[in-house]
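Peer 1: Heads up, the sequence shown is in this note's numbering, so the first residue is -8 and it goes up one at a time.
Each residue gets a CB set at the ideal place from its N, CA and C atoms; glycine is no exception.
The following block contains the structure, expressed as structure tokens.
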Amino acid sequence: MNAKKNVLGRGLGALIEDAGSRTESGNTREIYITQIVANPFQPRTKFDEESLKELAASIERIGIIQPVTVRKTGEDQYQLISGERRFRASQLAGLTTIPAYVRESDDTGMLEMALVENIQREDLDAIEIALSYQRLIEECQLTQETMSERVGKKRTTVTNYLRLLKLPPEIQLGIREDKISMGHARALVSIEDTDTQIMLFEQILRYDFSVRRIEEIVRNLSHEQEEKKPRRKKSTSQKEARSKIAASLGCKVTINAKDNGTGKITLAFNNQEEYEKLVEKLSKN
């Protein structure tokens, strides 16, 4: 069962068109899943089954937002470089093909140059830019700091784009189709609960909420959640204990107790005489 729609636009594929001489097509292409083998050097060996099933269900509904990356190892044979979670979820979804970037094993420098140059294009949407940043990190092994220097953007700007990729696929697709703005997306990404994110996304589409209105709603939700959190009560027993110890030993006492039951008690003295008296009292006790 193939996904109902292919949501990968030409813009993202064109990100590596300048590296065409080192890739098969310069764009993403559909590859049969049976032709792809997992990377034996993949450091991640455990994948949450429930999370994979949720991603598979999403892929069945709207397709794959982020292509995987492979390298050619033989005639119609490929090895996965990145995107194993998407690859596994696509298998669960029953897809026969998957969109992929096809790379040569030694074209990292060429790919980096093409990505950095094309990131400056004005016709890219926010998700395409975020995916480009992610590729620079994953495939070209750049840190966020190094990448921000390469593309001439502040690190906070890069981080804000990368955070968009944490949004549910439905919302990422909404950004790509220009249904919501970057401002809307940045407000939604600050919400931890996926269901709430999708609910607000649907409200934006239905009522044409402005960015300011969504930011206000998000602030109110955050405030409500903060109010529901159990507040830490000041322990009166600590105060009593501090007074008793201070009265017994004749010194200033500080108690620093943590919620897990650990902590420390500090006894203070101002001179050698107070020190000796304190030692004597502790020895007797």
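Can you give me the C-alpha to C-alpha distance between Tyr152 and Glu265, rounded to a whole angstrom?
Peer 2: Between Tyr152 and Glu265, the C-alpha separation is close to 60 Å.
Peer 1: Can you name the start and end residues of the beta strand (DSSP E) that Gly241 belongs to?
Peer 2: No beta strand (DSSP E) holds Gly241; DSSP gives it neither H nor E.
Peer 1: The alpha helix (DSSP H) with Leu153 in it runs from where to where?
Peer 2: Per DSSP, Leu153 belongs to the alpha helix (DSSP H) from Arg146 to Arg154.
Peer 1: State the beta-bridge partners of Ser73 as determined by DSSP.
Peer 2: Thr60, per the DSSP bridge assignment.
Peer 1: Kindly indicate which residue of Gln70, Arg94, Ser42 and Gln57 has the alpha-carbon position closest to the one of Glu119.
Peer 2: Of the listed residues, the one whose Cα sits closest to Glu119 is Gln57.
Peer 1: Per DSSP, what kind of secondary structure is Lys255 in: helix, strand or coil?
Peer 2: The answer is strand: DSSP assigns Lys255 an E or B state.
Peer 1: With which residues is Gly65 paired in a DSSP beta bridge?
Peer 2: Paired residues: Gln68.
Peer 1: Reducing DSSP to helix, strand and coil, say where Pro160 ends up.
Peer 2: DSSP places Pro160 in helix when its eight states are reduced to three.
Peer 1: Could you tell me the alpha carbon to alpha carbon distance between Arg146 and Cys131, rounded to whole angstroms?
Peer 2: Approximately 17 Å between the Cα atoms of the pair.
Peer 1: State the Cα-Cα distance for the pair Leu46 and Arg141, rounded to the nearest angstrom.
Peer 2: Approximately 32 Å, taken between the alpha carbons.
Peer 1: What are the boundary residues of the beta strand (DSSP E) that Ile89 is part of?
Peer 2: Run containing Ile89: Thr88 to Arg94, per the beta strand (DSSP E) assignment.
Peer 1: Should Ile166 and Phe192 be called a contact, given that it needs their Cβ atoms to be closer than 7 Å?
Peer 2: No, Cβ-Cβ distance for Ile166 and Phe192 is not below 7 Å.
Peer 1: Within this structure, are the beta carbons of Cys242 and Leu273 separated by less than 7 Å?
Peer 2: Not closer than 7 Å, so no.
Peer 1: Which first and last residues belong to the alpha helix (DSSP H) in which Ile189 is found?
Peer 2: From DSSP, the alpha helix (DSSP H) with Ile189 extends over Thr185 to Tyr198.
Peer 1: Roughly how many whole angstroms lie between the Cα atoms of Glu15 and Glu215?
Peer 2: Interpretation of Glu15 is limited by its pLDDT of 41, a score under 50 that renders its predicted location unreliable; no figure is taken from the coordinates.
Peer 1: Exposed or buried, which one is Ser42 when buried takes at least 16 other CB atoms within 10 Å?
Peer 2: So Ser42 counts as exposed.
Peer 1: Is the CB-CB distance between Leu156 and Ala121 below 7 Å?
Peer 2: Yes, these two residues count as a Cβ contact at 7 Å.
Peer 1: Grab the span of the beta strand (DSSP E) containing Ile22 for me, first residue to last.
Peer 2: Arg20 to Tyr23 is the span of the beta strand (DSSP E), which, as asked, contains Ile22.
Peer 1: Should Gln188 go down as buried or exposed, given a rule of 16 or more other Cβ atoms within 10 Å for buried?
Peer 2: Buried is the call here.
Peer 1: Measure from the alpha carbon of Asp290 to the alpha carbon of each residue in Asp169, Tyr69 and Gln26, then state which is nearest.
Peer 2: Not covered by the structure: residue 290. The range shown for the chain is -8 to 276.
Peer 1: For the putative contact between Thr245 and Thr257, defined by C-beta atoms under 8 Å, what is the C-beta separation to the nearest angstrom?
Peer 2: Indeed, because the Cβ distance is near 4 Å, the residues count as touching under 8 Å.
Peer 1: Helix, strand or coil for Asn261 per DSSP?
Peer 2: Here Asn261 sits in coil by DSSP.
Peer 1: Give the DSSP-derived three-state secondary structure of Ile236 in the structure shown.
Peer 2: DSSP places Ile236 in helix when its eight states are reduced to three.
Peer 1: Does DSSP classify Thr137 as helix, strand or coil?
Peer 2: DSSP places Thr137 in helix when its eight states are reduced to three.
Peer 1: Tell me the rounded alpha-carbon separation between Val28 and Ala80.
Peer 2: Between Val28 and Ala80, the C-alpha separation is close to 14 Å.
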